[in-house]
Structure formats: structure tokens, C-alpha cells
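In what follows, a single structure is set out as C-alpha cells and then discussed.
2 protein chains.
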Amino acid sequence: MAILGWILGRRLANREQQDRKIGTFEGVPAMGLDGLGSSAYGPEAALTILIPLGAAGLAYIGPIMAAIVGLLLILYLSYRQTIAAYPNNGGSYIVSRENLGRNISLLAAAGLMVDYVLNVAVGISAGVGALVSAVPSLHPYILPLCLGILVLVTIANLRGTMDAGRLFALPTYLFVASFMLILGIGVWRTVASGGQPVPVISPPPLPAVAGTAGLWLLMHSFASGCTAMTGVEAVSNGMSAFKEPTLRYGRRTLAAICLILGLLLGGIAFLAQHYRILAMNQEKEGYQSVLSQLAQAVVGDGVFYYIAMASLLCVLALSANTSFVDFPRLCRMVAEDGFLPRPFAVVGRRLVFSVGILYLAVTAGILFIVFGGITDRLIPLFAIGAFLTFTLSQTGMVVHWVKALRSAKDTRTRAAHQAHLAVNAAGATITGLALIVIVAAKFKEGAWITVIVIPTVIVLLHQVRRYYDRLDATLREAGPISLDRMEAPVVLVVTERWNKLTDKALSFAFRLSPDIIAVHVTRLAGEEGEEEERAIRGMWAKDVEAPARAAGVKPPRLLLLSADYRLMHGPLLKLIKELEDEFADRTIAVLLPEIVKTSWWQSLMHTHRARRLHSKLLQFGGSNVVVISMPWYLKEPKIEDAIITEPSEVRAGSTRSEPSSVSGLHGATDQVRQAISSCSSDHDN
Amino acid sequence: MAILGWILGRRLANREQQDRKIGTFEGVPAMGLDGLGSSAYGPEAALTILIPLGAAGLAYIGPIMAAIVGLLLILYLSYRQTIAAYPNNGGSYIVSRENLGRNISLLAAAGLMVDYVLNVAVGISAGVGALVSAVPSLHPYILPLCLGILVLVTIANLRGTMDAGRLFALPTYLFVASFMLILGIGVWRTVASGGQPVPVISPPPLPAVAGTAGLWLLMHSFASGCTAMTGVEAVSNGMSAFKEPTLRYGRRTLAAICLILGLLLGGIAFLAQHYRILAMNQEKEGYQSVLSQLAQAVVGDGVFYYIAMASLLCVLALSANTSFVDFPRLCRMVAEDGFLPRPFAVVGRRLVFSVGILYLAVTAGILFIVFGGITDRLIPLFAIGAFLTFTLSQTGMVVHWVKALRSAKDTRTRAAHQAHLAVNAAGATITGLALIVIVAAKFKEGAWITVIVIPTVIVLLHQVRRYYDRLDATLREAGPISLDRMEAPVVLVVTERWNKLTDKALSFAFRLSPDIIAVHVTRLAGEEGEEEERAIRGMWAKDVEAPARAAGVKPPRLLLLSADYRLMHGPLLKLIKELEDEFADRTIAVLLPEIVKTSWWQSLMHTHRARRLHSKLLQFGGSNVVVISMPWYLKEPKIEDAIITEPSEVRAGSTRSEPSSVSGLHGATDQVRQAISSCSSDHDN
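Residue numbers (our numbering), protein chains in the order written: chain Y, 195 to 879; chain L, 195 to 879.
Below you can see the structure in the form of C-alpha cells.
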């Protein structure tokens with residue numbers, strides 16, 4: 195446990211929640227890495243589709259990228275007003291749940307969940323792929339490298355979103371600074387040279403025109419370039435991570451991400467055209483990415499080039515972080531609606547949803563192991579979930595504004611709503627169209643898998659909800675408590691041996707009920723003589739029955755049950771069944787004395803029969819049975835050892851903690867005093 | 195669990211114990227494989243030491259092997275009378291415990307335990323080594339082969355000694371038959387040819403005389419040859435595996451093993467001399483074992499040669515089985531004396547001591563993984579444990595007969611005892627001398643490790659015993675039960691939510707005690723509003739306090755405790771501490787309602803807070819706390835599902851089961867009826 199504390203940090207108190215929320219500085223690395231990393235492969239993907247056109251393809255990259263940046267602008271404006279309308283959580287799940295109904299919201303949730311898992315796998319794999327192509331001697335270690343980065347990102351996020359944001363700030367801002375500089379220099383040179391800059395290192399010469407640009411090719415190129423846009427929705431899904439005022443920090447983070455991404459995309463398209471850079475075939479030797487060609491053309495291959503490429507590599511590898519921030523928060527909301535298992539909604543040690551983080555890590559880890567760390571094949575599946583949720587979220591917002599327009603009174607509000615409506619409607623239409631293009635263009639390449647996976651996820655979500663509904667139906671509140679059956683339980687004191695421990699159990703049993711049956715289970719170690727049985731009966735008569743009669747108490751019965759299969763639960767459950775048949779409604783309390791093991795070696799020293807019996811009795815005993823565990827210690831424990839003591843800096847430093855709620859018991863002392871006195875005063879009467 | 199049943203077979207009842215005991219047929223494969231396998235490497239080891247002598251070495255193999263066979267005869271006679279004197283278990287541990295005292299017996303136990311573990315590792319490794327040198331393409335799979343055989347032997351023994359004996363009977367008897375035939379043919383040809391048989395395939399020509407035979411070399415050769423004797427003690431340690439009359443079957447098995455081993459050793463020595471076969475250097479290419487050379491010389495390399503060598507290979511690989519039969523039985527006895535953890539004495543599913551079997555398998559598995567499946571280096575350690583226990587057991591028997599002589603009256607008994615004494619004294623002296631030679635000869639090769647390991651094991655055994663002694667001191671029988679403190683406990687009903695389940699818990703609490711505090715733990719999912727608290731208080735006043743007052747019962751207090759760290763046990767343990775401070779001696783019963791999970795997927799759906807709270811309360815609550823688990827089922831379980839139903843052939847077929855003890859409850863029905871009626875009749879009053 196000490197190791198866990200060292201890796202993950204101390205357990206945080208609820209009231210530290212506000213101190214753990216992030217601002218813009220952490221927000222950009224935490225949520226933006228996916229979006230920023232996209233700038234590396236979005237333009238590359240669009241240019242790759244244009245390869246068949248040869249040099250003529252360069253003419254199209256401008257308009258295509260302009261369309262993509264335009265779409266980015268629309269998405270920015272849409273999400274800006276979406277998070278204003280849903281400042282606690284403006285993600286597609288909530289927006290479509292509120293406006294489009296449960297089923298559509300589950301479609302959005304499934305799309306997002308699949309996309310977040312793919313983003314982890316594809317992002318880390320792309321980063322490692324770039325690293326390996328830069329340092330070929332690392333080739334045999336692709337899988338360990340992928341898993342290592344996965345573990346790093348997982349631990350950072352288990353420590354908290356703030357820790358992850360701060361840890362990954364350096365590579366993020368280094369990437370932004372160096373590429374802004376490269377693009378700035380490039381643009382300045384282009385302008386200064388009248389559109390004909392001289393590259394420091396020339397990109398490979400362009401092939402002659404090899405084909406003509408059909409509409410389908412251009413649409414395909416556009417659809418591929420759209421992968422640059424995945425990650426824009428991250429802020430809306432992660433709003434709950436921001437500190438107050440959340441709207442301000444959310445908007446700033448969204449603006450920062452979109453602005454940087456827009457500049458990168460525009461700059462890359464502009465320079466590719468003027469430096470005459472095309473995508474190279476990845477499968478041929480000597481391959482260089484578009485960004486690498488571009489950086490070499492602008493600044494040569496000095497130290498600065500390597501710094502820029504290293505920061506790009508980090509951003510790619512860490513783009514998984516966006517998933518680790520958003521996926522657990524999404525799962526929490528879905529779990530709170532009953533469509534995912536409840537553990538997804540448990541707030542973990544560091545105030546993040548640890549189960550979601552671990553689930554994401556395990557799923558991505560399995561994908562890595564199955565694909566050997568090379569997840570290229572998953573890339574086609576990638577943009578679909580993003581554009582599906584874009585479309586759903588925009589459509590949800592359209593419905594939102596239509597509703598708002600109905601209830602709006604004054605013309606000024608109406609005008610504002612109409613403007614909002616126009617933006618979201620444009621967004622919904624364009625992202626919807628883009629989605630159709632993407633699905634159509636990539637269906638054969640693997641998009642069909644998404645079309646199978648997403649409905650499967652939705653079915654699973656419904657199954658989960660059905661389970662909880664069934665559970666809730668059996669548990670639903672019962673109204674006033676019934677106090678008519680006040681009969682004491684029949685108490686079974688179970689043991690394999692008689693000693694002080696069982697003595698204590700028996701004497702406690704006397705305080706619970708007049709009806710006690712002591713059960714001694716024999717033959718646990720195979721056949722044994724009758725001698726032992728006789729000894730036990732003798733002991734019983736002398737040490738239990740006689741003192742009980744002397745004290746005027748009904749002496750309990752001793753029952754010797756033979757465990758023919760050396761398992762205690764068999765004969766005991768049979769006895770419970772007989773007792774249930776006899777007393778239809780009486781509770782049967784099974785009292786199990788148990789030696790408490792406090793260390794691993796002590797656990798090795800015992801057979802754990804009491805613990806196993808406890809679990810079997812609960813599993814098969816039925817509603818009339820309760821099981822009472824009575825501990826016995828070799829060394830009396832200290833309650834203090836189990837209670838988290840707060841480090842002094844938290845108590846002193848946290849300005850937000852109100853004195854009245856310092857800690858559970860102190861805050862409630864009056865309550866507790868009353869409760870305690872209600873027990874004792876009654877006995878004074 | 196169904197898979198477990200398929201692999202290990204159904205759980206056996208105590209009364210099937212007799213049917214599971216073995217006779218001579220199973221005894222030889224089960225316990226003899228170690229001894230028989232020794233015939234392969236004992237003569238080889240002795241001859242290897244003689245390599246430096248060249249052809250002259252052949253002259254010494256006769257006397258050396260004669261000494262070894264003589265020692266074998268003495269051991270046979272000694273063990274024959276040892277198992278007669280201790281027919282239930284004549285192993286060194288028991289014999290030295292009874293005659294030489296506790297500390298010496300622990301020395302014997304430690305020596306045996308180390309030896310059994312080494313035997314598993316060395317035996318399987320030798321078998322796989324032989325296989326790999328026969329089929330070199332298997333070389334990359336040494337470790338998987340070792341582990342695979344280990345798993346096979348482990349499973350066979352977990353199914354029971356009888357299953358293992360029957361499974362391994364075929365290779366054992368095939369080995370015996372084929373080598374008896376080879377030796378028979380060889381001896382017949384030697385005699386027929388007047389001592390100069392013509393080999394079918396000639397062994398490699400002998401080198402010229404290269405050195406002279408000093409005493410030390412001959413002693414070293416003898417000591418190495420003595421490894422052929424390990425495994426002779428197996429029968430004495432495994433006596434409890436035999437069916438009645440155990441002495442007869444034990445003696446027959448011992449005689450069979452010793453006879454076969456003696457014939458093999460003698461035959462090998464005789465033929466090696468006449469066919470002029472020496473050991474070859476294992477590290478040189480073209481290496482062939484002595485047995486392989488010998489078989490080729492006698493019968494050529496036809497099919498029969500391959501059958502014989504394959505059976506030898508099986509016997510070597512399966513010689514680990516002897517350890518799997520004896521080690522768990524030894525550990526059981528040591529555990530029953532309190533020197534090993536109790537789980538070693540638990541009779542498992544198939545009436546064998548599963549924990550010992552699994553421990554042996556895991557330890558050997560670790561050795562395999564550490565040494566990569568090649569455990570040659572462990573061989574020098576091997577014979578020491580065996581000869582240590584030979585000596586201790588013989589010495590113990592000497593003391594036994596000396597004592598018996600003192601109490602013997604008539605001269606005939608005295609004479610018999612004196613004869614026994616003489617045999618065991620001779621055995622003790624010779625095995626003791628052999629032990630000294632072995633330790634001296636092999637000290638540098640690694641025997642010093644044993645000299646460190648065995649004392650370490652003894653220290654551990656004492657540590658275990660100290661723990662149990664301390665435990666027993668705190669638990670020792672308490673005399674008459676005390677009934678003076680009959681106050682009802684303070685009951686805490688704990689929950690994170692209020693519903694039918696907590697309702698049931700509360701209404702059960704009313705039956706236990708008038709002093710009830712209901713504890714609702716809040717803020718488990720981070721900060722939450724006061725709204726919820728108000729709702730709970732309202733519900734409490736209406737649904738609990740009002741009905742309680744109406745029924746004339748003291749209404750329980752509701753306490754809202756804030757879980758600042760989202761863990762239920764913190765605030766609860768604090769409350770318990772306050773209660774303990776207030777009521778020094780009253781028991782505090784914590785009532786935990788719990789939804790019972792019956793399948794793996796159901797387990798995934800819940801947060802398991804009740805279960806974790808249960809464990810923390812037991813661990814830290816202290817002696818005044820008991821924890822009551824109250825189950826809630828989504829579907830009421832059937833007790834019948836938990837009870838083992840016997841297959842009909844067992845009930846009908848087993849002639850030994852007495853009708854009165856057919857099964858726990860049926861046999862005890864009268865008892866149970868009485869116990870039950872004692873509960874109900876009282877209430878009729």
C-alpha cells in the first residue's frame with residue numbers, strides 16, 4: 195500500500211476537489227493533445243490521397259484545407275455555444291440526451307467510447323511508429339514501447355487530470371512554439387521571396403501529372419483530412435475538469451486548441467503549396483512525413499529540427515491523454531444513468547474515476563498485444579465516431595435552440611437564439627455530410643467494423659440498465675418499517691474446535707437469543723474416532739450446560755455434524771434448511787468466530803475455513819440467514835491505524851475547507867453524542 | 195468449477211478413503227520411479243568418476259557396485275523392519291521424532307523436504323535432457339517441456355496417489371521388462387561366450403590407462419554411485435498411502451523396488467565390465483549414456499532399443515512422482531506437529547494433501563524457470579538429504595531396539611530384537627560413513643549449499659511453531675463459560691442508500707437490541723448537496739420513527755456521517771471508537787446489508803463497498819466489534835445447489851459405508867430434531 199501511495203500520491207479528501215480542477219494552462223495539454231497531434235496526420239492523410247495526381251495535386255490542397263479549416267471554425271463556434279448552454283457538461287452524450295432522447299444519446303455515448311479507445315491505441319502506436327522510423331534500432335521494441343507509454347499515461351491520469359496536464363505541458367508547449375516558429379519563418383520567407391522560397395533542404399522532386407482529379411478523389415481527400423478535427427469535442431466532454439468559472443476556462447481552452455490547430459493546418463497547407471511538398475509513399479524506403487519535409491525545407495536539419503520533431507513525437511504519443519481525461523468522465527455520466535456498471539461512477543483515490551481509466555488502459559493494452567503494437571488498421575475506424583458525435587451534438591443543439599425560441603419572449607433574445615440556431619444548424623449539416631463522405635470513402639477499409647461495434651455497445655448498455663432496473667424493482671422503497679415480527683433469531687454457533695474464541699462467541703450468542711444451537715463440525719480431516727466426540731460432549735456438559743443452568747438460562751444444544759466431504763458448508767446448509775422448514779419465518783443467525791489475519795504470512799498459516807464458509811452461507815443460505823463474524827486478534831488492533839490522517843499542509847493550506855466540516859466525526863460530534871446517549875440513557879432507566 | 199471437476203475428478207467423501215488406498219501394483223510406479231530411475235544415473239555417475247583411469251577403471255566398477263548393492267541390501271533389511279515397527283508411517287521424521295527427539299526429527303524433515311524438491315527438479319530435467327539429446331530439434335523447448343511434465347505429474351497427483359500410480363504403471367513396467375530382458379540376454383551371452391560376448395554394436399574403444407586409482411578416487415566413485423540409492427526410503431515415508439494390511443503391501447512394494455534396483459545395478463556393472471563399456475564425457479559430441487551403449491551392445495539399435503530407451507526416458511521424467519507421493523504426506527505430519535502451516539494438513543478434494551502437492555509444483559516450477567530447465571548443478575546437492583535421512587532413520591531404529599531390549603522379557607524376543615538392532619546399527623554406520631564421504635567428495639561442487647539450506651529450513655519450521663504456540667496461548671481453553679455480561683449489543687445499521695434492503699436490516703436490528711444507531715454514510719461520490727440529507731431525515735421521521743413510536747419501541751437514531759475520503763470505514767471506525775470509549779465493555783454489532791453476487795458479470799456491476807467495509811471492520815474494529823452480514827438476493831438461491839450429491843455408484847457400490855453415517859444430516863436427524871425442538875418448545879411456553 196505504501197508503494198501505491200508513492201506511485202499515485204496520497205488519497206485526496208472531497209473538499210480538495212476544487213483545488214484539483216484545472217485551468218487553461220493544464221487544459222490544453224490534458225485535452226488538446228489529441229487535437230494538436232491531429233495536425234500531424236490530417237494534412238498528411240489528405241495529401242496521401244492526392245499522390246496519384248502528382249504535382250497537379252498541390253493545386254487542390256489549398257481549397258481542401260480551406261474547407262477543413264472552415265469546418266473547424268464552424269465546430270469551434272458551435273462548441274463554444276454548446277458549452278455555454280451546458281456549462282457543467284456539454285458533451286454529445288448530455289446534449290443529445292437532453293434534446294434527442296435516450297436512444298440517440300446512447301448512440302452518441304457508444305460512438306464516443308469506441309472513439310476514445312481507438313484514440314489511445316492509434317495515438318500511442320503512431321507516436322511509437324514515428325519514433326521507430328527515426329531510430330530503426332528500436333524496431334524490436336515496438337510493443338514494449340507502446341505498453342510503456344500506456345502505463346505512463348495511465349499512472350499520470352490515475353494521479354489526477356491536473357497532474358497529467360502539468361506533466362505533459364512541456365512537450366505540448368514546446369511543440370506549439372517550435373512549429374509556430376517554423377511556420378512563421380516559412381510564411382515570412384515565402385512572402386519575402388514573392389511566393390518562391392528557396393528550401394534549405396529541398397523536398398524530393400514532384401512526379402509529373404499522373405491522373406485527373408475527380409470529385410470522388412477530392413471528397414476522399416477531404417474526408418481523410420477531416421481526421422485532423424478529431425479531438426475538437428474533447429473540451430465539451432471534459433467540462434467537469436475545469437475550475438470555476440468553468441465556462442471561462444472551458445472557452446479559453448477550446449479557443450486555444452482550435453486557434454493553434456487552425457494555424458497549423460493553414461500554415462502547413464500554405465507552405466506545402468509554396469515549398470512544393472507532397473506526401474510520400476509510406477511503404478517505400480526513404481519515407482519522410484510531410485511535417486518532416488516541411489521542417490527541413492524551412493530550417494534545415496540542425497538541432498532545432500530535432501527538437502521540433504521530438505516534440506511532435508511526444509505530442510503524437512501522448513495524444514492518448516485526451517481519451518484518459520474524457521472517457522472516464524463520459525463513463526461516469528453513463529453509469530450514473532444506469533447504462534454502465536456502477537464502479538465507473540466511483541470517485542477514486544485522487545478524485546478521478548479510476549475504474550474508467552483502468553478500463554481504458556486494459557482495453558488499449560489488449561489491442562496493442564493483439565496487433566503487436568501496430569494499429570494502422572484501426573485508423574480508418576477512427577474519424578467515424580468523432581463525426582457521428584459531432585453531428586449528434588450539433589443536431590441536439592439545434593433542437594435546444596428551437597425549444598428555446600418557443601419560450602423566448604423578447605425579440606433580442608429571439609435574435610440571439612436564431613443566430614445560435616443558424617451556427618449549430620450549419621455545423622450539423624456540414625458534419626453530417628462529412629460523416630456520410632467518411633463512411634462512404636472508408637467503408638471498405640474497415641469503417642464497416644464501427645457499424646457493427648457501435649450497435650453492439652448500445653445493446654450492452656441496455657443490458658446493463660435492464661439489470662439495474664430489475665435490481666431496483668426488488669429494492670424499491672418499502673414505506674413504513676414493519677415491526678410486527680420481533681422474534682429473536684435462532685443462533686447457530688459454528689466451530690471446528692472449542693477454545694476461548696468459541697467461548698466468546700457462545701457468550702455473545704446468549705445476548706442475542708435464547709435459542710442457541712452450537713454446531714461442531716467433525717471429520718474435516720477425514721475419518722476420525724468417536725473419542726474426540728465424547729471429549730467434546732463431556733466438555734460441553736461441564737463448561738456450558740452446567741454454568742447455564744446455574745445462571746438460570748436455557749442451556750444451548752450441542753450438535754455434532756459430520757462433514758463427509760471435509761467442507762463445513764454442506765452439513766451446515768442442510769441444518770439451515772431443516773430449521774427453515776421448521777420455523778418458516780425466523781431468522782437464522784450463523785455466528786462464525788474468525789482469527790483476523792493482519793499480514794500475508796499470517797494468511798499462509800491458516801486454512802481460511804471461516805471466510806470460505808461465510809461466503810458460501812451468504813451465497814446459498816437464502817433470505818432468512820444472516821452471518822455474524824466475530825473477530826479474534828493475536829494482537830488487538832488500533833482503530834487509528836485505519837484512519838487517514840491529513841497532512842498538515844492540507845489542513846492549514848486549504849482555504850476552502852469550512853471549519854464545521856473538518857472531518858467526519860468532529861463535525862458530527864453533537865449528533866454522535868446524542869446518538870450515544872440515546873443508547874445509554876435508556877439503560878439508566 | 196466444472197472444468198476443475200473435469201480435470202481433478204469429483205470431490206471424494208471421507209468414507210471413500212479406503213477405496214483410494216493403493217496396493218503393490220500402484221505402489222511401485224507411485225513410489226518406485228525415483229529409485230528405478232536412479233539405476234540410470236547411479237552407475238553412470240560412478241563410472242564418470244572413473245573416466246581418468248581409462249580401461250583400468252573397468253576393474254573397479256565391479257567392487258564399487260558390489261559395495262553399493264551391499265548397502266542397498268542393508269537398507270532394504272533396515273527399512274523392512276522399520277516399517278514393521280512403525281506400520282502407519284515409518285519415515286525418518288516419525289522414527290527420529292519417536293527415538294531421537296524433536297530437534298533431530300526436524301533435521302530429518304528438513305533434509306527430506308529439500309531432497310524431495312530437488313528430486314522433482316533434477317528428475318524431470320534429466321528426463322527432458324535425455325529426450326533432447328535423442329531429438330535435438332526439441333532443444334529450444336527444454337523449459338516448456340519441463341513445465342509441461344511438471345503440470346502432468348501435479349495434476350495426476352492432485353487426482354490422487356492411486357490415479358498417479360495407475361497412469362504411470364505402463365512406462366514403469368515397460369521399463370522394468372525391457373531392461374530385465376536386455377540384461378538377461380546380455381548375461382546369457384556373456385556366460386555362453388565364456389565371458390567374452392561379441393557386442394551387436396561395439397561401444398567406443400577404451401582409452402589407454404591414464405591414471406592410477408587412489409583411495410579418494412574410489413571413494414568418490416562410490417559416493418557418486420550412491421545416488422542410485424535415493425528413493426529407497428520412499429516406501430517408509432509413504433506408508434499411509436497403502437491399503438490394509440498396510441504392512442504387507444508396504445513390504446511387497448519395498449521388496450519389489452529394491453529387487454529390481456539391485457538386479458539393474460548388478461546387471462549393469464556385470465555387463466559394463468564384460469562388454470567393456472565406460473562412461474563418456476557428457477560435454478563431448480557423440481555422447482551416449484552407459485545404458486544406451488549397453489543396450490546397443492546387447493540388442494543393436496532396432497525397434498526394441500528405442501522402446502527400451504523411451505521407457506527409460508519416461509521413468510526418468512516421472513521419477514518426480516515419488517516426491518509428489520511422499521512430500522505432501524511428510525508435510526502433513528510436520529504440519530500436524532505445528533511446524534508447518536496448517537493448510538499442509540488439509541485433506542483436499544481427492545483425499546490427498548493438495549497444498550503440499552501444489553507447493554512442491556510451484557517450488558520446482560520456480561527452480562525450472564530460474565535455471566532455464568537445466569538443473570545439472572543441483573545434482574551434487576541431491577544425495578546428501580537422502581543419506582542424511584537414511585542415517586537418522588537407522589540411528590533412530592537403533593535407539594528403538596535398545597529401548598525394546600530393555601523392556602523385553604523372554605530370550606526369544608531379546609534375540610529377535612538383537613538381530614534387528616544389528617541390522618539397523620550396520621545400516622546406520624554404513625549410511626553415516628557414506629554420508630561423510632558424499633559431503634566430503636561433493637562439498638565444493640555445491641554440497642555446501644545444502645549445509646546452509648537445511649538449517650535455514652529448520653529455523654523456519656521453528657518460527658512456524660512459535661506462531662502457533664503464541665496463538666494457542668491466547669486461545670487455550672477457558673474453562674466454564676461466563677454468563678454474567680448479558681447486555682444486548684449496540685447495533686449499527688450501516689448503509690449508503692435506503693431501500694427494502696436496509697429496511698430489512700433495520701427490522702432485524704430491532705430483534706437484536708433496543709439500542710440501534712442507523713448510520714448513513716454521505717459524500718461517497720464527492721461533495722453533495724444538503725438536499726439529500728434533508729430528504730433522508732424526512733424519510734426517517736416518517737417511515738421509521740413514527741412507526742416505532744406507534745409500536746411502543748424506542749426509535750433508533752439516524753446518524754449522517756460524511757465520508758471525506760469516500761471510504762466507508764473511516765467515519766464508521768471513528769464512531770466505533772467513540773462508542774467504545776463510552777461503553778467500555780458493550781459489544782458493537784455492525785449490520786451490513788449486502789447484495790449477493792452469484793456470477794462474474796454480476797460482480798462487475800457492483801462496487802463491493804459492503805464486502806470491503808466488512809474486511810476493514812474485522813481488521814481494525816477490535817474485540818468488541820462483530821459484523822453481521824445480511825444477504826439480499828436478486829433471485830432466492832437454492833440450498834440444494836451447494837450440497838454435493840453423491841453419484842449413485844458410490845452410494846451403492848461402496849461396501850464400506852455404514853448405513854448409520856450415510857450423510858451428515860440424515861445420520862444426525864434425531865440430534866437435529868432435538869436441537870430444533872429445543873428452540874421451538876421454549877417459545878410455546
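Note that beta-carbon positions come from the ideal geometry of N, C-alpha and C, so glycine has one too.
Note that the coordinates shown come from a computational prediction; the quantities given were computed from them, not determined experimentally.
Within a Cβ cutoff of 8 Å, which residues of the same chain sit near P281 of chain Y, ignoring the five residues on either side of it in sequence?
Mapped onto the first sequence, residue 281 of chain Y falls at position 87. Cβ within range, chain order: M433, T440, L441 and G444.
Cβ contact (3+ pairs, closer than 8 Å) linking the region 592-599 of chain L and the region 306-316 of chain L:
no
Option in Y:L627, Y:T625, Y:L507 and Y:Q865 with minimal Cα separation from A328 of chain Y:
If you number the first sequence from 1, residue 328 of chain Y lands on position 134. When only C-alpha atoms are compared, the closest one is Y:L507.
Among Y:P674, Y:F581 and Y:Q657, the one whose alpha carbon lies nearest that of V171 of chain Y:
Because residue 171 of chain Y is not part of the residues shown, which for chain Y are 195 to 879, the question remains open.
CA nearest to the CA of A489 of chain L, picked from L:I471, L:D737 and L:G342:
For the purposes of this step, residue 489 of chain L is taken as the residue at position 295 of the second sequence. Cα-wise, what sits closest to A489 of chain L is L:I471.
Mind pulling the chain L residues with CB within less than 8 Å of F704 of chain Y?
By 1-based counting over the first sequence, the position of residue 704 of chain Y is 510. Those within 8 Å of F704 of chain Y in chain L are L677 and M680.
What residue does the beta strand (DSSP E) around P237 of chain L start on, and which one ends it?
Numbered from 1 along the second sequence, position 43 holds the residue referred to as residue 237 of chain L. No beta strand (DSSP E) holds P237 of chain L; the alpha helix (DSSP H) holding it covers T218 to L244.
A260 of chain L, buried or exposed, once every other Cβ within 10 Å from all chains shown has been counted against 16
Counting from one through the second sequence, the residue named residue 260 of chain L turns up at place 66. Classification of A260 of chain L: exposed, given that the 10 Å Cβ count is below 16.
Have a look at Y:A712, Y:G419, Y:P708 and Y:D678 and flag the residue whose alpha-carbon is nearest the alpha-carbon of R691 of chain Y.
The sequence position of residue 691 of chain Y within the first sequence is 497, counting from 1. That would be Y:A712, whose Cα lies nearest to the Cα of R691 of chain Y.
Starting from the C-beta of P398 of chain Y, find all residues in its chain whose C-beta is less than 6 Å away, skip the five residues before and the five after it, and write them out in chain order.
As a working note, residue 398 of chain Y is residue 204 in the first sequence. Result list for P398 of chain Y: empty, nothing under 6 Å.
Span of the alpha helix (DSSP H), counted from its first residue to its last, around M413 of chain L
Stepping through the second sequence from its first residue, residue 413 of chain L is reached at position 219. Looking at the DSSP string, the run of the alpha helix (DSSP H) that includes M413 of chain L is L409 to G419.
Below 9 Å on C-beta distance, what does F436 of chain Y contact in chain L?
Position 242 of the first sequence, counted from the first residue, corresponds to residue 436 of chain Y. Residues of chain L passing the Cβ test: none, with the nearest at roughly 15 Å.
Whose C-alpha, out of Y:T366, Y:A234 and Y:L206, is nearest the C-alpha of E220 of chain Y?
To locate residue 220 of chain Y, count along the first sequence from 1; it is residue 26. The shortest Cα separation from E220 of chain Y among Y:T366, Y:A234 and Y:L206 belongs to Y:T366.
Compare the C-beta of E776 of chain Y against all C-beta atoms of chain L and say whether one is closer than 7 Å.
If you number the first sequence from 1, residue 776 of chain Y lands on position 582. So, interface residue.
Interface flag, T447 of chain Y vs chain L, CB-CB below 7 Å:
In the first sequence, the residue the question calls residue 447 of chain Y occupies position 253. No, its Cβ sits nowhere closer than 7 Å to a Cβ of chain L.
Using a Cβ cut-off of 7 Å (strictly closer), state whether A207 of chain Y contacts chain L.
Position 13 of the first sequence, counted from the first residue, corresponds to residue 207 of chain Y. For A207 of chain Y, the answer is yes, since a Cβ of chain L falls inside 7 Å of its Cβ.
Short Cβ contact (7 Å threshold) for T557 of chain Y with V385 of chain Y:
Counted from its first residue, the first sequence places residue 557 of chain Y at position 363. Counted from its first residue, the first sequence places residue 385 of chain Y at position 191. No, Cβ-Cβ distance for T557 of chain Y and V385 of chain Y is not below 7 Å.
Which stretch, first to last residue, makes up the beta strand (DSSP E) that contains L755 of chain L?
Here residue 755 of chain L corresponds to residue number 561 of the second sequence, with the count starting at 1. From DSSP, the beta strand (DSSP E) with L755 of chain L extends over R751 to S756.
For Q865 of chain Y, three-class secondary structure by DSSP
Counting from 1 along the first sequence, the entry for residue 865 of chain Y is found at position 671. Looking at Q865 of chain Y - three-state DSSP - the assignment turns out to be helix.
CB contact below 7 Å: P334 of chain Y versus chain L
On the first sequence, position 140 is the one that residue 334 of chain Y refers to. Judged by the 7 Å Cβ criterion, P334 of chain Y is not in contact with chain L.
Taking C-beta to C-beta, are F518 of chain L and V347 of chain L nearer than 7 Å?
Residue mapping note: residue 518 of chain L aligns to position 324 of the second sequence, counting from 1. Residue mapping note: residue 347 of chain L aligns to position 153 of the second sequence, counting from 1. Taking 7 Å as the Cβ cut-off, F518 of chain L and V347 of chain L qualify as a contacting pair.
Just by C-beta distance, which residues in the region 548-569 of chain L are closer than 7 Å to chain Y?
none
Chain-order list of residues whose beta-carbon lies under 8 Å from that of L202 of chain L (same chain, five-residue window excluded)
To locate residue 202 of chain L, count along the second sequence from 1; it is residue 8. Taken in chain order, the residues that qualify are I349, L352, R353, R543 and R544.
Whose C-alpha, out of L:V222, L:I268 and L:C340, is nearest the C-alpha of F565 of chain L?
The residue you call residue 565 of chain L lines up with position 371 of the second sequence. Measuring from the Cα of F565 of chain L, the nearest candidate turns out to be L:C340.
Name the one or two DSSP bridge partners that L786 of chain Y has.
Sequence index remark: in the first sequence, residue 786 of chain Y carries index 592 (1-based). Answer is Y:S823.
Pick from Y:P708, Y:R728 and Y:G732: whose alpha carbon is nearest that of A745 of chain Y?
On the first sequence, position 551 is the one that residue 745 of chain Y refers to. Nearest of Y:P708, Y:R728 and Y:G732 to A745 of chain Y, Cα basis: Y:P708.
Applying a beta-carbon distance threshold of less than 7 Å, which residues of chain Y neighbour F814 of chain L?
Mapped onto the second sequence, residue 814 of chain L falls at position 620. What F814 of chain L touches in chain Y: P831, I833, D835 and A836.
Would you say P537 of chain L lies against chain B (beta-carbon separation less than 7 Å)?
The structure shown contains no chain B; the protein chains it does contain are Y and L.
What residues of chain L sit near I652 of chain Y, judged by a beta carbon separation below 9 Å?
Within the first sequence, residue 652 of chain Y is the residue found at index 458, counting from 1. Within 9 Å Cβ-Cβ: nothing; I652 of chain Y doesn't reach chain L, min ~18 Å.
Tell me whether the beta-carbon of A463 of chain Y lies closer than 7 Å to the beta-carbon of G256 of chain Y.
As a first step, residue 463 of chain Y must be located in the first sequence, where it is residue number 269. As a first step, residue 256 of chain Y must be located in the first sequence, where it is residue number 62. Yes. Within cutoff.
Listed by chain order, chain L residues near C525 of chain Y by CB distance under 7 Å
Working through the first sequence from its first residue, we reach residue 525 of chain Y at position 331. Residues of chain L passing the Cβ test: none, with the nearest at roughly 13 Å.
Does any residue of chain L have a CB that is nearer than 7 Å to the CB of D309 of chain Y?
For the purposes of this step, residue 309 of chain Y is identified with residue 115 of the first sequence, where counting begins at 1. It does not: the Cβ of D309 of chain Y has no partner Cβ on chain L nearer than 7 Å.
Buried or exposed (CB count within 10 angstroms, at least 16 for buried), E304 of chain Y
Within the first sequence, the letter at position 110 stands for residue 304 of chain Y. Looking at the sequence itself, residue 304 of chain Y is Ala, so the reference to Glu does not match. Under this definition A304 of chain Y is a buried residue.
Name the chain Y residues that come within less than 8 Å of V684 of chain L, Cβ to Cβ?
Taking the second sequence and counting its residues from 1, one reaches residue 684 of chain L at position 490. In chain order: C873.
Cβ-based contacts, 8 Å cut-off: residues of the region 262-292 of chain L near chain Y:
none
Assigned secondary structure, P716 of chain Y (DSSP; H/G/I helix, E/B strand, else coil)
Here residue 716 of chain Y refers to the residue found at position 522 of the first sequence. Pro is not the amino acid found at residue 716 of chain Y; the sequence shown has Thr there. Strand at T716 of chain Y.
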